[in-house]
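The next block holds one structure in the form of C-alpha cells; read it before the comments.
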Amino acid sequence: MTLSSMKASLRAYEREVFTGAKALAGASAVAVVASWQQQLNDLDTIKAQFIATTGENELVSAAYQNISGSLDGLSAVVGSSDKDAIMAAAMQFYASLTEAHGAFAELVPLSLRGEDTIAPETLMRLSGILGSALGLG
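For the sequence shown, counting from 1, position 26 maps to 26 in UniProt numbering; every step adds exactly one.
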C-alpha cells in the first residue's frame, strides 16, 4: 500500500465521522460510536504500514492513541442525556482526527499529497451541524 492510499484510508474514516455526526443526537448514537470504534480498529493495519513505511512509530502511535482516547471519551458520554458533554466529546474526537490527519500528511511528500489540508471551517461546520442536531443554542 502506498503512502497516498494509506492517507486516503484515514481521510475516508474522517469523512465517515463527519457525515455521521448528526446521528450522535439520535437513538442510534451508541451504535454509531461503536461502528466508529470498529472502523478505527480496522485501521490498525494502516497504522502498522504507515509506521513501517515512514519509520515514525512515536508520532503515528501517539496520534492513534489520541484518536482512540478521544473516541473512548465520546463513547463514555454518548448514551447520556448530557448534550453539552456529547458535543464537547464529539468535537474533541473530530479535532483529534484532523490533527492526526495533518501530522500524517506531513509524512507524505508534497508531490504525493498535494495541498490536502483540513479547512478550519470544517470544525465550525461540524459544530453547527451537531449543535443543531442536539438542540444546543
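Virtual Cβ for every residue (Gly too), placed ideally from N, Cα, C.
query	result
Proximal residues to Asp-82 (C-beta, below 7 angstroms), its chain only, five neighbours per side dropped	none
Where Gly-131 falls: helix, strand or coil (DSSP)	helix
Phe-93 beta carbon less than 8 angstroms from that of Ser-70	yes
Residue 144 - DSSP class collapsed to helix/strand/coil	The structure shown does not extend to residue 144, since the chain spans only 1 to 137, so no value can be given for it.
Sequence-distant residues of the same chain with beta carbon closer than 6 angstroms to Asp-72, five excluded per side	none
Cβ-based neighbour list, Asn-66, same chain, cut-off 8 angstroms, excluding 5 preceding and 5 following	Ser-96, Glu-99 and Ala-100
Opening and closing residue of the alpha helix (DSSP H) in which Leu-136 lies	It is not in any alpha helix (DSSP H) - Leu-136 carries neither H nor E in the DSSP assignment.
Neighbourhood of Ala-29 by C-beta, 8 angstroms cutoff - its chain only, sequence neighbours within 5 removed	Ala-23, Val-78, Gly-79 and Ile-86
Whole-angstrom distance between Leu-10 and Gly-128, CA atom to CA atom	23 angstroms
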